[in-house]
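Protein chains: 2
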Amino acid sequence: MNGTLYGVGVGPGDPDLITLKAHKILQAAPVIAYPAPEVGDSLARMIAAPHIPQGRREIIIRMPLDPKRFPDRTAYDNAAAEIATILRGGEDVAVLCEGDPFFYGSFMYLFSRLHEAFTVRIVPGISSLMACAAASLTPLVARNEVLSVLPAPMAADDLRRRLESAEAAAIIKLGRHAPKVYGVLRELNLLDQAKYVAHATLPGQQVRNLRDVDPDEVPYFAMILVRKAGMAP
Amino acid sequence: MNGTLYGVGVGPGDPDLITLKAHKILQAAPVIAYPAPEVGDSLARMIAAPHIPQGRREIIIRMPLDPKRFPDRTAYDNAAAEIATILRGGEDVAVLCEGDPFFYGSFMYLFSRLHEAFTVRIVPGISSLMACAAASLTPLVARNEVLSVLPAPMAADDLRRRLESAEAAAIIKLGRHAPKVYGVLRELNLLDQAKYVAHATLPGQQVRNLRDVDPDEVPYFAMILVRKAGMAP
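Protein chains in written order, with my numbering: chain L, 32 to 264; chain E, 32 to 264.
Laid out in structure tokens, this is it:
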């Protein structure tokens with residue numbers, strides 16, 4: 032019988048923000064796999080480190096950081112082939128995913144290659160969305176409000192239009208797009224309702240009012256939360 | 032010194048989908064509080080049951096199910112006063128929240144009453160959004176797609192407009208609004224890209240293609256996930 036492929040959300044960074052379910056699967060899985068940059072450590076592997084017993088077999092999926100070369104389809108093809116061989120041998124493989132596997136996760140590149148041939152189970156994780164709201168003490172969304180999750184690379188006009196119709200928004204993947212986002216929020220008079228969170232739950236966590244942030248110094252793992260409505264009475 | 036108020040996400044239903052952090056806080060907190068219907072058991076309390084030691088003091092916040100009477104401001108005023116007394120006495124209070132405290136959570140009604148006077152810490156939880164995506168093996172959103180979270184009570188026209196501009200959407204709080212939502216998705220030719228999940232990770236979990244669901248028989252704790260783009264290559 033084939034093994035099972037687990038997509039395991041390891042949460043946003045704090046190793047204690049992993050679920051008991053993920054912890055149990057990582058204790059049991061004979062093989063783990065995870066994405067990593069071309070050079071250096073894997074964030075997912077670092078988050079999960081306290082939960083992985085010594086001596087597990089590990090498949091490292093090295094990815095270029097250059098957005099022009101991402102995703103590297105050959106790297107995923109090769110990783111999927113290696114994982115398929117292990118699954119056919121009857122062993123389970125747990126793939127570590129930062130945050131949640133199905134919320135902007137790179138796990139989908141393995142999922143799309145393997146889910147037709149093998150049993151896949153997803154263990155949901157704490158996403159950066161909820162982690163940033165918690166870290167900044169900013170309720171994301173309440174009652175019948177609409178929440179929009181907006182990746183910052185989109186065009187300024189599109190971002191403006193979507194922010195106008197949103198009651199609450201999370202603008203993600205900021206990095207070099209932060210000055211554009213800052214400008215749009217200023218035009219819409221939303222700077223005072225905007226919270227900035229970088230590296231939520233990690234040692235370098237930063238929580239600020241957006242007005243106090245230099246938009247030229249914003250990392251990729253940062254998010255802006257906007258909520259137009261006031262706090263509930 | 033005052034105690035700390037914890038808003039603890041207990042996840043969508045499976046007791047193993049609680050975080051280690053939430054588990055530790057529930058082990059330590061001398062007092063827990065949680066919402067419950069006017070008659071009957073609290074879902075949040077049932078989810079967290081395996082993690083709560085015997086003999087804890089418990090504050091039950093009883094709420095009307097009638098949407099015309101919800102939220103019951105008097106009930107939250109009274110609960111906040113009771114919790115404030117305990118915090119002033121130097122003890123911590125952990126409030127159990129289904130899913131995530133700041134994602135459509137009723138915890139915000141306590142947060143708004145208590146966060147100025149007391150230290151509040153939020154422990155993020157697995158939300159129904161990620162749980163439904165995992166249960167239905169449906170990636171929520173990828174790359175630079177926009178995700179819209181749409182509460183079903185909104186007007187059909189508003190829902191249609193928002194679905195037209197969304198790349199991926201989660202339609203939540205279905206219940207009696209399901210026939211209207213079904214009609215809008217049919218008009219937009221999105222029925223075949225719509226997954227239905229009810230009671231995710233609970234014993235009564237249902238996962239179906241929306242076409243196979245009777246919209247007149249949909250509970251409140253159900254969600255429709257729509258994703259227009261195909262799977263990543």
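Glycine included, C-beta positions come from ideal geometry on N, C-alpha and C.
Consult DSSP for residue i and reduce its assignment to one of helix, strand or coil.
i        : result
L/Leu36  : strand
E/Asn175 : coil
E/Thr105 : helix
E/Phe142 : helix
L/Arg242 : helix
L/Leu233 : coil
L/Met77  : helix
L/Arg207 : helix
E/Glu195 : helix
L/Arg87  : coil
L/Leu256 : strand
L/Val41  : coil
L/Thr116 : helix
Closest Cβ-Cβ distance between residue i and chain E: below 7 Å?
i        : result
L/Asn175 : yes
L/Ser159 : no
L/Met283 : Outside the modelled stretch of chain L, which goes from 32 to 264, sits residue 283 of chain L, for which no answer is possible.
L/Pro250 : no
L/Ser179 : yes
L/Asp131 : yes
L/Ala165 : yes
L/Leu171 : yes
L/Met262 : For L/Met262, the pLDDT reaches just 49, beneath the cut-off of 50, and the residue's location in the model is therefore unreliable, leaving the point undetermined.
L/Pro84  : no
With distances taken from CA atoms, which of the options is nearest residue i?
i        : options                               : result
L/Ile90  : L/Ala187, L/Pro61, L/Ile78, L/Gly214  : L/Pro61
L/Ser196 : E/Ala199, E/Ala111, E/Arg192          : E/Arg192
E/Ala164 : E/Thr232, E/Thr150, E/Glu69           : E/Thr232
E/Ala112 : E/Ala209, E/Ser143, E/Gln85, E/Lys226 : E/Ser143
E/Leu74  : E/Met139, E/Ala225, E/Ile92           : E/Ile92
E/Asp47  : L/Gly156, L/Gln85, L/Ala209           : L/Gly156
L/Pro84  : L/Asp72, L/His54, L/Arg104            : L/His54
L/Val238 : L/Gly38, L/Leu178, L/Ala166, L/Gly40  : L/Ala166
L/Arg100 : L/Glu69, L/Ile255, L/Ala173, L/Leu127 : L/Glu69
L/Ile56  : L/Tyr227, L/Ile255, L/Gly40           : L/Gly40
L/Val154 : L/Glu218, L/Ile49, L/Asn220, L/Asn240 : L/Ile49
E/Tyr227 : E/Ser158, E/Asp72, E/Ile255, E/Val126 : E/Ile255
Within the 7 Å Cβ cut-off, does residue i reach chain L?
i        : result
E/Lys99  : no
E/Leu48  : yes
E/Met139 : yes
E/Phe134 : yes
E/Lys52  : yes
E/Ala162 : yes
E/Pro184 : yes
E/Ile91  : no
E/Ile114 : no
E/Ile203 : no
E/Pro27  : Past the boundaries of the shown model lies residue 27 of chain E; chain E is included only from 32 to 264, so the question cannot be answered.
By how many angstroms is the C-alpha of residue j removed from the C-alpha of residue i?
i        : j        : result
L/Asp188 : E/Ala115 : 46 Å
L/Gly130 : E/Pro234 : 25 Å
L/Arg87  : L/Gln58  : 10 Å
E/Leu96  : E/Arg242 : 29 Å
E/Lys259 : E/Asp108 : 44 Å
E/Ala199 : E/Thr169 : 11 Å
L/Met77  : E/Val244 : 42 Å
E/Tyr65  : L/Leu51  : 21 Å
E/Val124 : E/Leu216 : 43 Å
L/Gly42  : E/Ala183 : 28 Å
L/Pro102 : L/Pro246 : 26 Å
E/Met94  : E/Leu118 : 23 Å
L/Lys211 : L/Gln236 : 23 Å
E/Leu160 : L/Leu178 : 12 Å
L/Pro264 : E/Leu145 : Note that L/Pro264 scores a pLDDT of 46, beneath 50, so its modelled location is shaky; the value from the coordinates is reported in the next line. Going by the C-alpha atoms only, they are around 11 Å apart.
E/Asn175 : E/Ala253 : 26 Å
L/His82  : L/Phe138 : 19 Å
E/Leu141 : L/Ala110 : 47 Å
E/Gln222 : L/Met185 : According to the sequence shown, residue 222 of chain E is Leu rather than Gln. In a straight line, the C-alpha of E/Leu222 is about 27 Å away from that of L/Met185.
L/Leu181 : E/Gly38  : 26 Å
L/Leu171 : L/Ile202 : 12 Å
E/Glu122 : E/Gly34  : 4 Å
L/Thr190 : L/Glu218 : Sequence inspection shows Leu at residue 190 of chain L; the Thr mentioned does not correspond to that position. C-alpha separation (whole angstroms): 12 Å.
E/Val151 : E/Ala209 : 36 Å
E/Asn220 : E/Gly214 : 10 Å
E/Asp72  : L/Asn240 : 40 Å
Since residue i and residue j should fall inside the 8 Å C-beta cutoff, what is the C-beta to C-beta distance between them, to a whole number of angstroms?
i        : j        : result
L/Phe133 : L/Leu36  : Rounded, the Cβ-Cβ distance is 14 Å, inconsistent with contact.
E/Tyr251 : E/Gly206 : 4 Å
E/Ala229 : E/Val257 : Their Cβ separation, rounded to whole angstroms, is 16 Å, which puts E/Ala229 and E/Val257 out of contact at 8 Å.
L/Leu127 : L/Ala79  : 5 Å
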